[in-house]
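Here is the structure we will look at.
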Amino acid sequence: MQDVRKALDLPPCCQVGFVYPKLEPAIELYRPLFGDFRIVDYGLTEGATFRGKLAPYRLKLAIAYTGPLEIELIEWVSGDTPHREFLERGGSGMHHLSFHVPDLDAVVARAKPLGFEPIWYHAMSDEIKYTYLERKTDPVLIELTQRPWSGGNVQAEV
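If you use my numbering, the sequence shown corresponds to residues 200 to 357, in order.
Structure, rendered in structure tokens:
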């Protein structure tokens, strides 16, 4: 089996994302393990594409840390997103692993021959963008984020 992390030249995982139908019960479930969560609601986000179509969306997030690893709890509110698909398939729980990369487009190009397809993408600028990669043989998605201020200590960015 191929070492995907090595083939994609990925740094250590910086985030584990979980999706739940409602944020509050998930926070109560994980608070004893990770401590207090910071709740974030950016409202409607425009400019993202999902499976090739423009797809505005809204998510509610709860963020906590265990060491440098970010724990992200997500409640889907509206729009076409991987989170909605996950919930519609009856999913609840671990959804994605996230990696900060210096050149998102280069990693996506290396990922395609390994069976990964970008399904969700948003570029806020040339320097700030994210994508979710899907591989048919794996229920967990890979999130890639490119941000100029990502320097290893993710917790310091909050």
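Positions of the beta carbon are idealized from the N, C-alpha and C atoms, including for glycine.
query                                                                                         : result
Cβ-Cβ distance between Leu207 and Ala322 below 8 Å                                            : no
For Pro317, the first and last residue of its enclosing beta strand (DSSP E)                  : 315-322
Minimum C-alpha distance to Gly266 - residue among Thr336, Lys205, Val215, Leu258             : Val215
The region 260-278 contacting the region 225-239, beta-carbon criterion three pairs below 8 Å : yes
Same chain, Cβ closer than 6 Å to Ala261, neighbours up to 5 away in sequence not counted     : Leu222, Ile226, Phe236, Ile238, Leu272
Sheet register partners of Tyr256 (DSSP bridge)                                               : Thr244
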